[in-house]
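A.B. asks: Structure incoming, see below.
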């Protein structure tokens, strides 16, 4: 996805500079189509990876989400913004 946006940005930069070339237009079109196709796939694969990590390494997910203590089977509270503090833990 990052490569598609990088290539698209490069093509857009060339178009904004006045280099109206069919190859550059094709480059922009291909980059945007690639981003359109790959972004949903990346979201699905990322979600599956997160669920797999939650199943096999729950402590890692707790650390990623900023929870100091594992509360068992209870749902953890939603933390929108947190600053880790080892002293206050």
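Residue numbers (the numbering used here): 3 to 91. Virtual Cβ for every residue (Gly too), placed ideally from N, Cα, C. On a predicted model such as this, the values are computed, not experimentally measured, just so you know.
#1: Span of the alpha helix (DSSP H) holding residue 83?
#2: Should the region 32-40 be regarded as contacting the region 9-16, the criterion being three or more beta carbon pairs within less than 8 Å?
#3: For residue 62, which residues from the same chain have a beta carbon less than 7 Å from its beta carbon, with the 5 sequence-adjacent residues on both sides left out?
#4: Check the C-beta distance from residue 68 over to residue 86 and give it rounded, since I have them as a contact under 8 Å.
C.D. replies: Per the coordinate set shown:
#1: DSSP places residue 83 in no alpha helix (DSSP H); its state is neither H nor E.
#2: Contact between the region 32-40 and the region 9-16 is present, because at least three Cβ pairs lie under 8 Å.
#3: Apart from sequence neighbours up to five positions away, the residues of its chain that approach residue 62 with a beta-carbon distance below 7 Å are 55, ordered along the chain.
#4: Yes, they are in contact, since the Cβ atoms of residue 68 and residue 86 sit about 7 Å apart, within 8 Å.
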